[in-house]
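Chains as they are written, first to last, in the working numbering: chain A, 1 to 324; chain B, 1001 to 1337; chain C, 2001 to 2275.
Ideal Cβ positions, reconstructed from N, Cα and C, are used throughout, including at glycine.
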Amino acid sequence: MAERNLEQLEKIREAVSQDLLSGRIELLLGWEKGHYWWQSRPLFASSEGDLARLTWDSFCAVNLSRYLLDELKDHQKVGVLVKGCDSRAFNRLLQDNMVQRDRVILYGLPCPGILDYNLLAAEAGSKLKGITEENGQVILKTEDGEIEVNRDEMLMVKCSECLYPDPVVYDQMLLEPLGQKEVPERFKAVNELEALSSEERFAYWEKELSRCLRCYACRQACPYCSCRECFVEQENPRWQGRAYQPSENFLFHLVRAYHGAGRCIDCGECQRACPVNIPLQELNRKLIKDINELYGDYEAGVDAEKEPPLLTYRPDDPAAFSEK
Amino acid sequence: MKKMIAADELAKLWIRLAEKSTLFLPVQDGPTVLYQPWKDGAQVELEAFNSAISPKDIFLPREETYLHYHCSGQSLELAAVEDDRAVTAFGIHPCDLKAIEMLDRVFMEQEPADSLYQKRREKTTVVALSCTKPDPFCFCGIFDVDPLDAPGADVMAHLVDGYMHLEARTEKGKALLEEAGDLLENSTIDKIEREIKTTDFGLDIKGLPEDLKSRFDDPAWDELYKSCLSCGVCTYVCPTCYCFDVEDYGHDAEGERFRCWDSCMFGHFTQMAGGHNPRPSRKERVRQRFMHKLQYYPEVYNEIACVGCGRCLRSCPVNLDIVQAIKALGGEKVEHR
Amino acid sequence: MSIANPLMPQMATILDITAETPDVKTLRVSGKDGLPFEFMPGQCAMLSVLPVGEAIFSITSSPTCRDCLEFSIKNVGKVSSYLHSLAPGQQIGIRGPYGNGFPVDQIKGKDLLFIGGGIGLAPLRSLIGYCFANRDDYGQIDIVYGARSPADMIRKSEVKETWAEQPNTNVHLTVDAEFPDWKGHIGFVPNYVTELAFTPANKVAITCGPPIMIKFVLQALDKLGFAPEQVITTLEMRMKCGVGKCGRCNLGSVYVCKDGPVFSLAELNELPGEY
Ligand SMILES: Cc1cc2nc3c(=O)[nH]c(=O)nc-3n(C[C@H](O)[C@H](O)[C@H](O)COP(=O)(O)OP(=O)(O)OC[C@H]3O[C@@H](n4cnc5c(N)ncnc54)[C@H](O)[C@@H]3O)c2cc1C
Ligand code: SF4
Ligand code: SF4
Ligand code: SF4
Ligand code: SF4
Ligand code: SF4
Ligand code: FES
């Protein structure tokens, strides 16, 4: 029921199983179902048997590109199913020289956005048993009957401002492209925060970040956070202590956000990984917005040839910091 | 002693209990529910299943300072920091209380006792609350947890038809109810009956710990770990995980030493000088976590170190949780395989 | 109800600091009045320098030395380098003793073969000193000690002069490669053990050193016919609490800080090979 469309799944399976059998790839990174219909988890398929478990539905949230860092150590050639954001993550890794293009086969999957189970369950009110999807609507099957809701309103935060549902880099596009998406209110949350006074903004972040456990799951899930040694663990000098002091929390999040300036592809994996739901994407999107305003439009990971503005120098770069 | 209070009067109870102790309650904090000290205006969520982080935070806080130091010249002064506040831990689910009892064995029964933990435990009155509507990830049943009763509670509470019923089970519990005496009436119910459905995910864990003893090198480990991000979320949210780190915070003249949560899922957890790491990759670390829960802990304490609270199932960003692990290791009922 | 916090250090004073090798210094440390606590050979202590942190070190002096504890410390990181930089008179924090220590009673009446490499001599030295102080309780003593170079040997004069003079005792020194002025044996410790062809009868071998050395020493002893019960070694894992709580040193169902660091090879064979 959650399978978006068996026809699509068959098409995908056929393409990748051919490549797996012929040896074009040794391993396929895809998704399989978890315990429940609203969970799809990573699948590491190296045989036809494994592929029987493959799934493609509205819950394939996990960005698979990150696994390349390890899987390319053990395999000569790896195939990856990529959604729009996953493909941008791949470009990000490519630009950081963390993967080799010719050792990866990218299978493109245009993605209408991942559904957020918590939103669905809240909408359903009583017990939610399953969903079907039709024409931009989601039909919730509950114990007390069916409820129809607008699909776009049920998307994960990570998908809410997605401009590129179609993969931007691929070897093979497996499904019909969806075309660039309109985002009517891009940077809505950022605009709201910008409207606050700096004291209010500080108070907002102090409160949100007070929940932070500094488990660094946000970093572990992030495709741009691929440094072999992160500043938070460096011993000498020790930049980041472990104390749960507000200053330490700010240090971590601000330094990370700045490391991501122009490199964050807005995939939202950080926020999805966070066990205490800190709105990390608001922070990241603020930097995306600033960069766009200061250096002209730049969408990280869309074009692997185009260097991030903060990694290049042009004499006419604005010096916003010194001007203020 | 059995008492009750109307659910819409509970705010009065919170005010009363917070007068003489730090009152921890499940509180809505942004989009998450966490056990936090109650403050006026806090949005208490007694029926949240489950808090994002387990209430172990009350007994083994994510950070705990235990000494202050002063240095001058060659001399050093160390002063112990003692936390003597009384605590009320309110609204603890039966699974979480069982998990706390598992920590008791490590921190109190094993010599030397951990005074920081033990003091806090002794100074805390635990009000357990029976479950009303467990979420799909609750699978406490297979670990002999009764969602309607927490044997170790000082006070056992139930929400029934707009009332909270409170039964004192220990001296501490009685003292708590006496403290709030004028707010309470005598309870009108004897026993609560409520049908609670939790899942068992088709698991059969009988004999699993003994079986795993010889399976350190099982090929299942070669597959299971692959999706793990080494993010540590599973261990931070888990009520039975207890690993911690010790660090100093301060400058040359003065500062403090604290301990804080740590996780065996982190690469540097076991990193040694000279580059040697006994658990160099995600495979060894995932194995450590699950073996600790399913084999090492049970070998000492005769009980699997999981209470089925479902937090790792809900929070792992890639759905690599203890149920996946048990299944991969063959702990599944025959008809489910 | 007043239980002491096992993580709380007590005060100690550094009496003196001697450079042993380019990266090892020996610290003599005393508590308020003499020894900060009683201990057995093979046990360890956590030394604290604030705000740098804590680290665990073997007590290298013998319990028969009553005025201070000695530690031989290799400079590898934060705490160790800080300790190296201190001057006599400095106060530091100390807590302990931790670990099970060597089975001094169990090995009574046996011939003893000590095999140490580099800084690994530190815990052995405590036991060796103890055995000399109770010389009649133990049989023949052989000490094999090796280091990368002569300059990397710790307690050199003590080993060469004091130990070699003891009754019924042989000291065998080796270095990894040729060095000017070195007239002794050249070669790795495990090979030297094989060459010396120790016989296992009524003997217990006690070894401590870098993991790679231990690995090959165990193989060499096995070839010489030593049973796993006759071989004792110490494990090194990262440690934070020292009291079996923090989980750092967890290995199977044991905590090395508390149930170890001393294990017989027979015991080790029962544990996951994750060290
Ligand atoms: C039972 C036991 C007895 C020991 N006895 C001695 C001794 O007598 N003399 C001696 O010089 N050293 C000894 N060590 C090793 C010593 O504890 C570590 O080298 C020390 O903790 C490093 O502390 P640091 O703050 O200087 O290094 P850090 O700055 O904390 O770390 C430097 C590097 O060492 C690693 N490290 C941290 N703790 C340990 C550890 N316990 N073992 C190995 N690497 C570690 C870190 O991951 C890092 O890579 C012993 C260790 C154990 C477990
Ligand atoms: S994942 Fe969340 S809790 Fe963990 S460090 Fe990141 S923001 Fe903090
Ligand atoms: S910071 Fe977050 S949104 Fe940006 S690339 Fe990393 S995981 Fe994705
Ligand atoms: S099992 Fe899941 S939650 Fe735990 S470290 Fe791995 S990815 Fe993170
Ligand atoms: S292992 Fe998972 S389900 Fe079990 S107690 Fe820990 S968090 Fe809860
Ligand atoms: S070793 Fe791992 S699984 Fe066990 S308590 Fe520590 S963090 Fe939890
Ligand atoms: S050092 Fe903490 S458990 Fe061993």
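Using only the alpha-carbon positions, how far apart do M1 (chain A) and C1241 (chain B) sit? Summary for M1 (chain A): the model assigns pLDDT 41, below 50, so the residue's position carries little reliability, and this model does not support an answer.
Span separating the alpha-carbon of E71 (chain A) from that of F1143 (chain B): 36 Å
So that I know if they touch, is there some Cβ in chain C lying closer than 8 Å to that of T1240 (chain B)? no
Is the beta carbon of A273 (chain A) closer than 8 Å to that of L310 (chain A)? no
Any beta-carbon of chain A closer than 8 Å to the one on K1226 (chain B)? yes
Where are the alpha helix (DSSP H) runs, 4 residues long or more, that stay fully inside the segment 197-255 of chain A, in chain order? 198-210 and 217-221
Do you know offhand how far N292 (chain A)'s Cα is from Y298 (chain A)'s? 6 Å
Minimum Cβ-Cβ distance from Q2091 (chain C) to chain B less than 8 Å: yes
Within this structure, are the beta carbons of V2189 (chain C) and I2143 (chain C) separated by less than 8 Å? no
According to the Cβ coordinates, are L163 (chain A) and K181 (chain A) closer than 8 Å? yes
Under 8 Å, CB to CB, which of the residues in the segment 1300-1316 of chain B have a partner in chain A? L1313 and S1315
Closer than 7 Å: L213 (chain A) CB and nearest ligand 2 heavy atom: yes
T2233 (chain C) CB to nearest heavy atom of ligand 5 below 7 Å: no
In angstroms with no decimal places, state the Cα-to-Cα distance between A1007 (chain B) and L1184 (chain B). 11 Å
For the beta strand (DSSP E) containing Q1036 (chain B), list its first residue and its last residue. T1032 to P1037
Spatial distance of L2086 (chain C) from V2076 (chain C) (CA atoms): 15 Å
Is R219 (chain A) buried or exposed, if buried means 16 or more other CB atoms sit within 10 Å of its CB? buried
Shorter than 8 Å from the beta carbon of N5 (chain A) to some beta carbon of chain B? no
Are at least three pairs of beta-carbons, each pair with one atom in the segment 1060-1067 of chain B and one in the segment 1075-1085 of chain B, less than 8 Å apart? yes
Bounding residues of the alpha helix (DSSP H) (the contiguous stretch that carries G1202 (chain B)): First-last for G1202 (chain B): undefined, no H or E at that position.
Please compile the residues from chain B whose C-beta is within a distance smaller than 9 Å of the C-beta of G2053 (chain C). V1246, E1247, D1248 and R1257
Under 8 Å between C-beta atoms, does E1167 (chain B) make it to chain C? no
Sorry if obvious, but does the Cβ on C2044 (chain C) come closer than 7 Å to a heavy atom of ligand 7? no
Grab the span of the beta strand (DSSP E) containing V1126 (chain B) for me, first residue to last. T1124 to L1129
Can you list, in chain order, the residues of its chain with a C-beta nearer than 8 Å to that of E2178 (chain C)? Leave out the 5 residues immediately preceding and following it. I2186
Is the beta carbon of L1313 (chain B) within less than 7 Å of some heavy atom of ligand 5? yes
Closest by CA to V1027 (chain B), which one among B:D1161, B:L1017, B:K1098 and B:E1047? B:E1047
Distance, L2221 (chain C) Cα to N2191 (chain C) Cα: 10 Å
Do you know whose CA, among B:K1098, B:V1106 and B:I1092, lies nearest T1125 (chain B)'s CA? B:I1092
Can you tell me whether Y1297 (chain B) is helix, strand or coil according to DSSP? helix
Hey, quick one: how far does the alpha helix (DSSP H) through Q8 (chain A) stretch, first residue to last? L6 to S22
Look at S2061 (chain C) and G2129 (chain C) and say whether their C-beta atoms are less than 8 Å apart. yes
Ignore the nearest five residues each way along the sequence and tell me which others in F2216 (chain C)'s own chain have a CB closer than 6 Å to its CB. P2190
State the DSSP-derived secondary structure class of P42 (chain A), mapped to helix, strand or coil. strand
How big is the Cα-Cα spacing for E1247 (chain B) and P2261 (chain C)? 23 Å
For V2245 (chain C) versus F1107 (chain B), is the C-beta spacing smaller than 8 Å? Position check: residue 2245 (chain C) holds Lys in this sequence, whereas Val was assumed. Against a cut-off of 8 Å, the Cβ pair of F1107 (chain B) and K2245 (chain C) comes out as a contact.
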